[in-house]
Structure formats: structure tokens, C-alpha cells
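Numbering (my numbering), first residue to last: 1314 to 1793. Report on the following structure.
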Ligand SMILES: Cc1ncc(COP(=O)(O)O)c(C=O)c1O
């Protein structure tokens, strides 16, 4: 190498290091915040008058320092400061099943989330502005115009729209399907799907194994059906404990397993494929039906959409439930269950419970899926939610008391937070509501009232000064 070449190489090295240091300085100083996107390589190169390759090298260096992360097709994003992001300790779940008694308190907590002016960090709802509501209106109008006979159909005898079923089967190819169209029952929501499955395979007084912590509506369903819940320890990263489930189902006293394997609510865990396969095999061998809720499957952050347990089901023992509430609109009230060998029993329950599902909505969904609009929308939405979760993590990290721990979700838009042990989040909730801020206290995720020092935050809303101020206030209330 000549001296000139040497000097040139050195200069370029200095340039990209300087650029990397400047960006790192902005992150350290809070100018660039966790979850924010860095300017594009091209823009930064132009603004700093350096070559594209210098800017690329600078970005690589900042990435190596762990300050930013590259997201496919989206660019570089500032990572949250990692310090308190330890997995919360799983609290020892009780070994005996209990009757659930949460409904009354839950109704109050969920109602509070809807109060006018409240900062809605409670119920897991996406902000309406992120949903394709105008496009759905157009599709409703168009479907109603083109198919005037849809409302004239006999819904009790023909529950499913064949076009929607075909789309559901087609989509299942992307996660280890195909589903069998014959096993599908279209429902009014994922909640209805789970309700029908429970009614199909359990009797009052039976025991159902659930995750701990568990999605509270699942617990409400058990309560309303007179079923007992058996809490199975669940890890923030890898989901339900297979060894614990193995133990719990040995004596034939568990009538069903009800769980959220992909981006569980509230932990955000995703079960590894090996665990899903093991669970499917184990429960098939023991003849314990599995009811899985895959509502967040399309909202997982990994490049590859995770497979549901259903993909590993060889005997028709798994009932896969999902809906469009999180991605398109909770108001659609349309979901489905692929019920495997329980199809007939589930279809009978569907007839008894609600008879049918709005045929116009079904056709609207079928067309949204067929056109590719759903896929394009969901691709953007999952990045948006990931970003919002990152910003929430950063704010909790900044404002909550020392000793706070956070489960890092792998999908969806809720965040599970563990506060220092002395803090009772049911009491904190009352003070927060008085201050105009909603969240869900941790003990509502456990029929035996574990997680009294935990809470769940909804990250379904775009970041704003109001949310930032609410998280700061929550942190102050928790500390005080
Ligand atoms: C895990 C999970 N399942 C189901 C639902 C509700 O779905 P749907 O509106 O389709 O009943 C929610 C909503 O919070 C959820 O978090």
C-alpha cells in the first residue's frame, strides 16, 4: 500500500468512527430515544457529506456496540437500554386446581379503561388509527352491493362462508398447514371460539391447565363454565413449562389445556418449536385436548411467522382459535376455530350458542385476505407495534422504581412489568385511575392471586407525550 492509500484508508476509518461516535452520543444523551428509527444510510451520508460505504460502516459499528438493531426492510432502530430487562422470576404456581373468582373485579378494571379521557394502558386494544377502518368500510359497502343475497341466507344451517374458509386454509400454508377446510368453524371472535371449544370438551367441575400468568378472559371463561384452573409455570421467553405440564397431566385429572403459544398474553413469550411438538405429542398420548389461541401469531416480530401447536398435531387433538380483532378491528367480531377431531362437537356448540356469524363480515374478510391487503397491512402493523413496545420499555426503564423488571415480548403489543415486591399493584391501580391512567393489575392474571407486584401495560397506541407523561406518573405513584 502506498502512503497515499494508507492515509486515505485511515481518513475513511476516522470518518466512520467519528460518525458512529456522534450517533452513539445522541443515543446516550437521549436525543435519539429507544425505539426511534435512525435516518437512512443514504440520508445520513448526504447530510454528513460522506460516502455511502462510510455511513454503512458507521451503522455497523453502532450495531456492534449493541446500541441499535437492524430490522428487515425497515432500517436501524435504537435499542432500549438493556440494564433492567431481566426476565421476571416465575412465581411458583400452586399445584392444586382452583375455582376462578375474578369476573366482578375484571369488569370494573376493563370498564375503567374506557372512561373518557383516560390514558388507555389497560385493555389490550390497538389504536383505531392504526387499523384499516376506511378500507373496511369500502369493502362492506362493496360486498353488500355485489351480494344482496348474503343477508337472506340461513345462517343456522350454513355457518361458514366457503370463500373465507378457503382463504384461512390458504394462509395456513405459511405456518406449517394446510388446515382441513372441513374442520373449521367460523365464530364471532376468538373468545367465542375458545368458549365453544371449552363447552365441547369439558363438564362443570373439570380442571383446565392454563399458563401462569394467563390471559384473564380465559380465566373468565373458566369461571363462567364452572371449571377449575390449574396454573402451569410459564417462562417469559419460552412459554409454558413442558415438564410441569407433563407432571400435571399424568394422573388423568386435567380435562383440557388452554394456552397462547405465540406471543402469549401477558408475557409475550413464544414457545420454541420443540416445545410445541412435545406438547402436541404428550397431550395426544394422554388424550387431553389442546385449545390454543393464536390471535397474536401474525403479530410476532421474528422474520419467520412462528408455527402454532396445530402444525405439530397428528391426531386432530389440537383446536386452533384466532380472530381478526388485533390486526383489523376488534369490532368485526369474527374469528374461527380449526377444531380437528372435535369439529362436530364444536359445531354443535356454535349452533346452540350463537347460530352463525355475520355473512357480510365473513365475505369482507375473505376478500381482504384474497386481495393481499391483509398481508401488506399486517407487515407494517407488526413493526409499528414492535416500535411502540420498545418505546414503552424505554419509558418504564427510565421512570419506574429501581428493581423493576420487564419481560421482553416477542410479538403483540402488551408489556408485563414486575415491580419491587412490596408494591401492591391493585392499590396502585386505584391511585392510577384517580390520576387518569389505566393498566391491568397483575393478580387478575392468576386465579390464585399471584403476581400482586406485577402489572400489564397496553402498548397498542402510537407513542405520544401523553403516554410518556402517564408512564412517568405511574412510576412516581409506584415509587411513592
Ligand atoms: C390472547 C387473546 N385472545 C383473545 C383476545 C380477544 O379476541 P376477540 O376479540 O377475537 O375475542 C385477546 C384480546 O385481548 C387476547 O389478548
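Every residue, glycine too, gets a C-beta built ideally from N, C-alpha and C.
Are there any heavy atoms of ligand 1 lying less than 7 Å away from the beta-carbon of residue i, as far as the coordinates show?
i, result
"residue 1670", "no"
"residue 1503", "yes"
"residue 1608", "yes"
"residue 1549", "no"
"residue 1554", "no"
"residue 1754", "no"
"residue 1530", "yes"
"residue 1643", "yes"
"residue 1648", "yes"
"residue 1437", "yes"
"residue 1573", "yes"
"residue 1638", "yes"
"residue 1578", "yes"
Determine the burial state of residue i: buried for a count of at least 16 other Cβ atoms within 10 Å of its Cβ, exposed for fewer.
i, result
"residue 1487", "exposed"
"residue 1450", "exposed"
"residue 1681", "buried"
"residue 1603", "buried"
"residue 1383", "exposed"
"residue 1648", "buried"
"residue 1784", "buried"
"residue 1353", "exposed"
"residue 1779", "exposed"
"residue 1410", "buried"
"residue 1703", "buried"
"residue 1760", "buried"
"residue 1583", "buried"
"residue 1659", "buried"
"residue 1645", "buried"
"residue 1501", "buried"
"residue 1793", "exposed"
"residue 1474", "buried"
"residue 1395", "Because the pLDDT of residue 1395 is 41, which lies under 50, any placement of that residue in the model is unreliable, and the question is left without a value."
"residue 1734", "exposed"
"residue 1327", "exposed"
"residue 1360", "exposed"
"residue 1392", "buried"
"residue 1455", "exposed"
"residue 1701", "buried"
"residue 1685", "exposed"
"residue 1429", "exposed"
"residue 1424", "exposed"
"residue 1446", "exposed"
"residue 1616", "exposed"
Pull up the CB-CB distance for residue i and residue j, whole angstroms please, since I reckon it's below 8 Å.
i, j, result
"residue 1547", "residue 1577", "7 Å"
"residue 1630", "residue 1610", "Contact flag wrong, Cβ pair sits at about 19 Å."
"residue 1415", "residue 1541", "Incorrect: roughly 13 Å between the Cβ atoms, too far for contact."
"residue 1553", "residue 1750", "Rounded, the Cβ-Cβ distance is 31 Å, inconsistent with contact."
"residue 1472", "residue 1499", "6 Å"
"residue 1729", "residue 1579", "4 Å"
"residue 1477", "residue 1675", "5 Å"
"residue 1355", "residue 1365", "7 Å"
"residue 1558", "residue 1592", "7 Å"
"residue 1545", "residue 1523", "7 Å"
Looking only at its own chain, which residues have a Cβ that is under 6 Å from the Cβ of residue i, when we skip the five neighbours before and after it?
i, result
"residue 1485", "1491, 1492"
"residue 1336", "1375"
"residue 1788", "1712, 1713"
"residue 1519", "1540, 1568"
"residue 1368", "1354, 1357, 1358"
"residue 1330", "none"
Excluding the 5 residues flanking residue i on each side, which residues of the same chain have their C-beta closer than 8 Å to its C-beta?
i, result
"residue 1739", "1754, 1756, 1765"
"residue 1511", "1521, 1534, 1535, 1538, 1540, 1569, 1571, 1604"
"residue 1655", "1510, 1513, 1514, 1602, 1629, 1632"
"residue 1612", "1576, 1639, 1640, 1691, 1694, 1695, 1698, 1724, 1725, 1726"
"residue 1517", "1538, 1539, 1540"
"residue 1672", "1463, 1464, 1466, 1468, 1474"
Tell me which same chain residues have a C-beta within less than 7 Å of the C-beta of residue i, skipping the five on either side of it?
i, result
"residue 1786", "1748, 1750"
"residue 1679", "1474, 1476, 1477, 1480"
"residue 1419", "1529, 1533, 1757"
"residue 1363", "1328, 1332"
"residue 1388", "1350, 1351, 1353"
"residue 1677", "1449, 1452, 1453, 1456"
"residue 1716", "1733"
"residue 1504", "1530"
"residue 1585", "1551"
"residue 1781", "1708"
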